[in-house]
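Peer 1: In the numbering used here, the protein residues as written are 4 to 101. I'd like to ask some things about the structure below.
The structure is reproduced here in structure tokens:
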């Protein structure tokens, strides 16, 4: 449940004491959720050029280093794009079977 995700540090919500369950999730936010849930280590390199200065950049790079994402195109992650349920399922499968 949402409280368990917050207690485990996977999500901090969308604002203090708010989760916004009907809100959309960006690819960048999804990267942070997954790296926290899977306890992925920091990456040693920058994988994408379109996430520079994004607050989730280090988490995006961790996801790439673990082989969970290859981005959305050459040198691109599309951090502000939203994630479909199908895409999230694919990310989870790759993360859980790595």
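Think of the CB as a built atom: it goes at the ideal place given N, C-alpha and C, for glycine as much as any other residue.
Residue 38 and residue 66 look like a contact to me (Cβ under 8 Å); what is the Cβ gap, rounded to whole Å?
Peer 2: Confirmed, Cβ separation roughly 6 Å.
Peer 1: Using 8 Å as the threshold, is the region 17–27 in touch with the region 41–48, meaning 3 or more CB pairs across them?
Peer 2: Segments in contact, no.
Peer 1: For residue 25, verify whether its CB is less than 8 Å away from any heavy atom of the ligand SAM.
Peer 2: Inclusion of the ligand SAM in the displayed structure is not the case, the ligand content being empty and no account of it being possible.
Peer 1: Measuring only the C-alpha atoms, how far is residue 85 from residue 96?
Peer 2: Their backbone Cα atoms lie some 18 Å apart in a straight line.
Peer 1: Under the DSSP definition of a beta bridge, which residues are partnered with residue 76?
Peer 2: 79.
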